[in-house]
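Novice:
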Amino acid sequence: MYAEYKDITIVYSIVDIGDDTAWVKITKAFTGPGNALLLAQNSDSSNYLYKLNAYITGIKNGVLSEPLILDTITIKNKATIDTIINNEGDTIIINPFYAPNQLMYYTATKLNKDYDYSLTIEKNNEESLTSSTGMVNTFSVSKPVNRIVFSETADNSIEWTAPKNGVMFEVSLKFNYTEYAPGYSDTLNKSIGWYVGTRNAKTSDGGESMDVSYSGPYFYSLLVSELPDVPNVTRWAGKVDITIASGSQVLATYLDINSGGASLLEEVPVYSNIDGGTGIFASRYTTIKEIQLSTTTERNLIENYNLGFKFKN
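Residue 381 is where the sequence shown starts when you use the working numbering, and the numbers rise one by one after that.
(1) Does the contact criterion of 3 or more C-beta pairs under 8 Å hold for the stretch 675 to 689 versus the stretch 533 to 541?
(2) Which one of Asp451, Phe555, Val551, Leu568 has the shortest CA to CA distance from Asn580?
(3) Pull up the distance between the alpha-carbon of Ser426 and that of Tyr634, whole angstroms please.
(4) Could you spell out where the beta strand (DSSP E) holding Leu635 opens and where it closes?
(5) Over what stretch of residues does the alpha helix (DSSP H) that includes Leu681 continue unbroken?
(6) Following the continuous alpha helix (DSSP H) through Leu602, name the residue where it begins and the one where it ends.
(7) With respect to the beta strand (DSSP E) encompassing Lys690, which residues constitute its N-terminal and C-terminal limits?
(8) Assuming Thr389 is part of the beta strand (DSSP E), what are its boundary residues?
(9) Could you check what DSSP says for Gly641 in three-state terms: helix, strand or coil?
(10) Spatial neighbours of Thr452 within its chain, please: C-beta separation below 8 Å, excluding the five flanking residues on both sides.
(11) Taking Gly438 and Tyr665 to be in contact with their CB atoms under 8 Å, please state how far apart those CB atoms are, rounded to whole angstroms.
(12) Rank Gly688, Thr454, Lys669 by C-alpha distance to the C-alpha of Leu607 and give the top, closest one.
(13) Near Val547, what residues of its chain come up, given a Cβ to Cβ distance below 7 Å and the 5 sequence neighbours on each side ignored?
(14) With a 10 Å radius around its C-beta and 16 neighbouring C-beta atoms as the bar for buried, classify Pro611 as buried or exposed.
(15) Pick from Val525, Val521, Tyr575, Lys554: whose alpha carbon is nearest that of Trp540?
(16) Leaving out five residues before and five after Tyr560 in sequence, what residues of the same chain have Cβ atoms less than 6 Å from its Cβ?
(17) Out of Thr558, Gly657, Lys456, Val576, which has the shortest C-alpha to C-alpha gap to Trp616?
(18) So, is Phe549 buried or exposed, given that buried needs 16 or more other C-beta atoms within 10 angstroms?
(19) Skipping 5 residues on each side, what residues in its chain have a beta carbon closer than 6 Å to that of Ser595?
(20) Going residue by residue through the stretch 502 to 541, where are the continuous beta strand (DSSP E) segments of at least 3 residues, counting only ones entirely within it?
(21) Go ahead and pull the three-state DSSP assignment for Thr460.
(22) Whose C-alpha, out of Gly618, Asp609, Ile528, is nearest the C-alpha of Asn569?
(23) Between which residues of its own chain and Ser445 is the CB-CB distance below 8 Å, once the five residues before and five after are set aside?
(24) Pull up the DSSP beta-bridge partners for Lys440, would you.
(25) Going by Cα to Cα distance, which pick from Ala434, Thr454, Lys456 is closest to Pro447?
(26) At least one CB of chain C closer than 9 Å to the CB of Thr623: is that the case?
(27) Just verifying my parser: in three-state terms, what is the DSSP assignment at Ser426?
(28) So Asn545 and Met590 are supposed to be a Cβ contact under 8 Å. How far apart are they, rounded?
(29) Quickly, what does DSSP pair Leu568 with across the bridge? List them, please.
(30) Would you list the one or two residues that DSSP bridges to Asp621?
(31) Give the single residue among Thr578, Tyr428, Ser652 whose Cα lies nearest to the Cα of Ala662.
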């Protein structure tokens, strides 16, 4: 039995300088038997009955900016989970809150890459929670430059330079194409995506050269297995999206510690950077490079595989 009631504040926020809005999810659980994150999925027991005084403050060279007061909004039909892929390629659930309607705290002020940010949450019982994060800076793909090559016999590499505060990097590829067949009213835009790999920088200082290899043979075998056999179909190759998502040290540590199971619903996280509560306040940034297939790759698709690909007129 628990003699005294006490609520535990759960905070989830991953801010991104590429976003126009910074979101903070604040819920509560109770001391007592049961899983705090499972309780967080019940809206009746998870929301505070009053608006918390929550704000984000920028810090640069020791100077504080004007606090950004967080307002509230109820988001309708929000997905029940947010996921990310760990070093082994496993999907990890990092946002197991109730749905479909969620009360969110937010600021529509765009955050600055040159600032660190502190989050403060004040409850009406004079208790407060604090946390801080550096912002993952912008970065871009440096290789391939103009066209991407998928060799039928070898691997190639994707290269970039780690940005400041970026530690964990997830790389994925998406091949875009258009398709037309008898009976279609118009051409259809389609795509096939796949996970390439995860890399970790040695420090959060930035400037480290990073790379990951991707398989050319896998690209062709993927298309052969995934593209449906449509009678008299004609397909045209489009661009390839190279996506690299980078996470801060806090996010990387949180995911690494919690990657022992397939789902964070199974147990309370053992890592938190929220002083006075539990959860994470971290940052991430995603860069996407759209790039044309190499001429050789497109010719291989057209001449060596019976997939309906043609040269564009």
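All C-beta atoms in this analysis are idealised placements derived from N, C-alpha and C, irrespective of residue type, glycine included.
Specialist: By the coordinates alone:
(1) no
(2) Val551
(3) 22 Å
(4) Note, Leu635: premise wrong, no beta strand (DSSP E); alpha helix (DSSP H) at 629 to 637.
(5) 675 to 684
(6) 596 to 606
(7) Taken as a continuous stretch (DSSP letters only), Lys690 belongs to no beta strand (DSSP E), as it is neither H nor E.
(8) 387 to 395
(9) A caution first: Gly641 carries a pLDDT of 49, below 50, which makes its placement in the model too unreliable to give a value.
(10) Lys431, Leu483, Met484, Tyr485, Tyr486
(11) In fact, because the Cβ distance is near 17 Å, the residues do not count as touching under 8 Å.
(12) Gly688
(13) Asn580, Ala581, Ser584, Gly627, Ser628, Gln629, Ala632
(14) exposed
(15) Val521
(16) Thr567, Thr614
(17) Thr558
(18) buried
(19) Asp535
(20) 508 to 514, 521 to 523, 535 to 541
(21) Confidence at Thr460 is low in this model, with a pLDDT of 49, below 50, so its placement is unreliable and the value that follows should be read with caution. Coil at Thr460, not helix or strand.
(22) Gly618
(23) Thr437, Gly438, Ile439, Tyr495
(24) Val443
(25) Ala434
(26) You won't find chain C in this structure, because it holds only one protein chain.
(27) helix
(28) Asn545 to Met590, Cβ: 14 Å. No contact.
(29) Glu559
(30) Lys554, Glu670
(31) Ser652
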